[in-house]
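Chains as they are written, first to last, in the working numbering: chain A, 443 to 781; chain B, 443 to 781.
Written below as structure tokens is the structure these notes are about.
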DNA sequence: CTTTAGCACTCTTAGCTTGTGAGTGCTAAT
DNA sequence: ATTAGCACTCACAAGCTAAGAGTGCTAAAG
């Protein structure tokens, strides 16, 4: 399966030229731009071989070659060389991060912004799952008559809140309930919240039982809920820059699926990643609608759980650059998310 | 400026037909579909009059008429009849709301979703400005060594949080600081937060002064910050459904501007609204990039401040329906946001 | 005096034809 | 093994034509 040196060089040239121009690349162009010391005719022969081996495709009988999924895969695995972001660029990105060190959510939003502005692709950040989390704090605050604001701080610093109905009670009473909730439901692993709440309910047969039940339910619901909420995306307009989207219908379908959010989540769930900035190319993607695209994604840690950041673009993607940017943003996140 | 009955009927027919089909409408079509008891020739004459008066345009010398901005305006002001949402539809929307009565932010997100799914337009919700707001609660919670989580609850129930650096301190110390902050900075109008914080600083020359300063700064920053954060959008893919976007470049430009968010904010700031679901059509929009579109937007109240919900679509928009949906969502919001 | 039928004219759009250019595969010479 | 040469393929753009929808005007009819 190994390619001899010259074939490898030609494959590399084809991929990089096609990535740059978006046009099928011919033997002439390869000979001219990437001087390999051989004539177009020789390159033609080699390209015919590469096609037979499945690394290149032809859009139609005559006229240049484009890389196949396999060609991209070989390029990504063996041929591409790491690139470094320019000084200005990394400075630009870092400054964006620095200005947003407020809370986790803003930081993730900043990441999306950095990614989508630094590339021509769709950027996404999938917040960490809650599964392994406990709660750091639970507060019940008076909101208006008959309503209270429930504020919850997870151990990774993500804050959630909701409004619940409560029987009318004094400030002191509410503080009492609030303290009780804190004592019994904080620092308890999620799978035990339910039983703890039941315990609490059976002991407290007071008028607060309704409140306790509501809080417990909300705590439980957060597990799934927040998964649907914690997806940030940006740069949808970037996709329209790609020449492959000259016709609107193709993009529309994808956009719809992306916007609703389930798509990215599906991808991240079904995908089994291996290397750090993982790359999936075209048909390698499990999800149907993405089989014409590539995804480059990485991981960041927050507490005990992990989140994902990624770029979705055409297969004709600048992989070295995408990898460099994902790597850099991973670093930034892990740096600013320390806790 | 008033139009005689027949002209009005014809204008109405042209607008509604054009809205439905997207194709310039000719005299024949009007005569056939909206039986007005006159022949195409008569309608041709009337349409020529309407064109001269500025209510209709011709894309090119021969071939049907399309409404001008003025034509749409007249239609919207005088001709269109209110529509009601179907029972299923309003039930669908309300259920979406009901399932999301958790916190303000989820509710606003649900609104965007409802709006964009119920229409073919871009939906947006602009959260209420903070200007007139005070803070209901301020908490400083231990996060990790040297860091604390600052949680702030505004009087309208919006929760903000950020992480700040603090000198190492015990749980009791932090509670002391937290209480101090609460006593001095809650229920204080925003324009006084700064002076209050100064007072506090001058009295407390302790090691906590750094913390107090940070908190004060954050409180101040929220005013602008949250304006940039509190914009929710959905349904960008809807725009691609519109036949006017058969070519990609037009939409890309708009999408980019929209995604970055400043566009909608600008519109809402520059626009002076009058009626409740306000409608601005084409050139009536102050913002350059929107002069080819129309916006229908309404207001909801949250505490002392107000937010906006709206739809952005082509001038060829189904105005009666857009108005009905905006109205309905306004109601929903005002119902579920009571405090 | 308003309405209508008839007709010549305009303009867009889709489909077809043609020419050009980029690129290929094959063969024969180096 | 490499390369030059050449015939061949195919996409794409440009130009052309025919069809169709719609108009404005004129003259007849109510």
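Even glycine gets a Cβ: it sits at the ideal position worked out from N, Cα and C.
Computed from a predicted structure; not experimentally measured.
When A:535, A:757, A:752 are compared, the shortest CA-CA separation from residue 778 (chain A) is found for A:535. Distance between residue 498 (chain B) and residue 513 (chain B), taken at the CA atoms: about 6 Å.
Residue range 447 to 463 is occupied by the alpha helix (DSSP H) that includes residue 457 (chain A). With contacts defined by Cβ atoms closer than 8 Å, residue 506 (chain B) and residue 468 (chain B) form a contacting pair. When only Cα atoms are considered, residue 709 (chain A) and residue 748 (chain A) end up about 15 Å apart. Here residue 748 (chain A) carries a strand assignment [DSSP, helix/strand/coil].
For the pair residue 770 (chain A) and residue 721 (chain A), the CB atoms are not nearer than the 8 Å cut-off.
Contact annotation for residue 579 (chain A) against chain B: 583 [CB-CB distance below 7 Å, chain order]. Contact annotation, residue 724 (chain A) with residue 737 (chain A): C-beta distance approximately 10 Å; criterion of less than 8 Å not satisfied. For a cut-off of 8 Å, the C-beta gap from residue 676 (chain A) to residue 765 (chain A) is around 19 Å, too long to register as a contact.
Distance between residue 775 (chain A) and residue 540 (chain A), taken at the CA atoms: about 10 Å. Distance from the CA of residue 550 (chain A) to the CA of residue 664 (chain A), rounded to the nearest whole angstrom, comes to 19 Å. The segment 676 to 744 of chain B contains, as complete alpha helix (DSSP H) runs of 4+ residues, the segments 678 to 683, 690 to 702, 704 to 712 (chain order). Straight through space, the alpha carbons of residue 474 (chain B) and residue 482 (chain B) are spaced by roughly 8 Å.
DSSP places residue 550 (chain B) inside the alpha helix (DSSP H), whose first and last residues are 546 to 560.
When rounded, the separation of the alpha-carbon atoms in residue 531 (chain A) and residue 734 (chain A) is 29 Å. Its chain contains 453, 454, 457, 509, 761 as the residues whose beta carbon lies nearer than 8 Å to that of residue 517 (chain B), once the 5 sequence neighbours on both sides are disregarded; these appear in chain order. Non-local beta-carbon contacts of residue 605 (chain B) in its own chain, meaning distances under 8 Å to residues more than five positions away in sequence, involve 585, 589, 590, 591, 592 in chain order. Among the CB atoms of chain A, one or more fall inside 8 Å of the CB of residue 698 (chain B).
When rounded, the separation of the alpha-carbon atoms in residue 511 (chain A) and residue 691 (chain B) is 29 Å. Contact between the segment 648 to 663 of chain A and the segment 625 to 638 of chain A is present, with at least three C-beta pairs closer than 8 Å.
Between the alpha carbons of residue 745 (chain B) and residue 773 (chain B) lies a distance of about 15 Å. The alpha-carbon of residue 576 (chain A) is positioned some 16 Å away from that of residue 583 (chain B). The beta carbon of residue 683 (chain A) lies closer than 7 Å to those of 562 in the same chain, with the five residues before and after it left out. Assignment of residue 444 (chain A) by DSSP, reduced to helix, strand and coil, places it in the coil class.
Restricting attention to B:638, B:537, B:660, the CA atom closest to the CA of residue 594 (chain B) is found in B:660.
Only exposed fits residue 607 (chain A), as fewer than 16 other CB atoms lie within 10 angstroms of its CB. Around the Cβ of residue 741 (chain A), a 10 Å sphere holds 16 or more other Cβ atoms; the residue is buried. Counting only Cβ-Cβ distances below 9 Å, residue 639 (chain A) has no contacts in chain B at all, with the closest Cβ about 18 Å away. From the beta-carbon of residue 694 (chain B), the residues of chain A found nearer than 8 Å are 679, 682, 683.
The Cβ of residue 754 (chain B) sits no closer than 8 Å to any Cβ of chain A.
For residue 729 (chain B), no Cβ of chain A is located within less than 8 Å of the residue's own Cβ.
Closer than 8 Å to the CB of residue 591 (chain B) there is at least one CB belonging to chain A. Annotated three-state conformation of residue 604 (chain A) is strand, per DSSP. A distance below 8 Å between beta-carbons, with the five flanking residues on each side excluded, links residue 641 (chain A) to the following residues of its chain, in chain order: 626.
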